[in-house]
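The structure appears below as C-alpha cells.
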Amino acid sequence: MLRISEICASGESVTLLLEGQVTQQSTEIVSETTEKVLDARGQLILDLAGVTFADRRGIALLQDLQKRQVKLINGSPYLKEQLKDTRTV
C-alpha cells in the first residue's frame, strides 16, 4: 500500500511525501498524481523518506520522473543504489 500526501506547496513548487511501497500496483496512482501536479505547478519534489520498498516498475517510474526534472529527496540507501544510474536521491 502507498500513501501520497502533499506536505509543502509554495509558488510553483509542490512537495509530495510517499509512504509505503512503490510497486506495480501503485505506479498508476503515482503517475496520475505527479502528472496533475506537474501540469498545475510545473515543479515537483518527491520526498521518499517513507518509501519502504520499490519493485522494478516503481524504480523505473522514479527514474522516469527524475529524467523529467522531478527532484527526489530523502531516499533510503536502497533507493539510492537502485537509482544510481540517474541522479542521486
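When you line the sequence shown up against our numbering, it's residues 315 to 403, in that order. We put the CB at the ideal spot given by N, CA and C, even for glycine.
**OP:** Go through its chain and collect everything with a Cβ distance to residue 396's Cβ below 6 Å, but skip five positions before and after it.
**Re:** Once the five neighbours on either side are set aside, the close Cβ partners of residue 396 are 373.
Subject >> Three-way DSSP call (helix, strand, coil) for residue 423 in this model >> reply: The structure shown does not extend to residue 423, since the chain is modelled only from 315 through 403, so no value can be given for it.
**OP:** Take the Cβ of residue 353 as the centre, count every other Cβ of all protein chains shown within 10 Å, and call the residue buried at 16 or more, exposed below.
**Re:** Label assigned to residue 353: exposed.
**OP:** Name the two residues that bound the continuous beta strand (DSSP E) containing residue 357.
**Re:** Counting along the chain, the unbroken beta strand (DSSP E) around residue 357 starts and ends at 357-368.
Original post:
My guess is that residue 358 and residue 388 are in contact by the Cβ rule of under 8 Å, so how many angstroms apart are they, rounded?
Top reply: That pair is no contact at about 14 Å.
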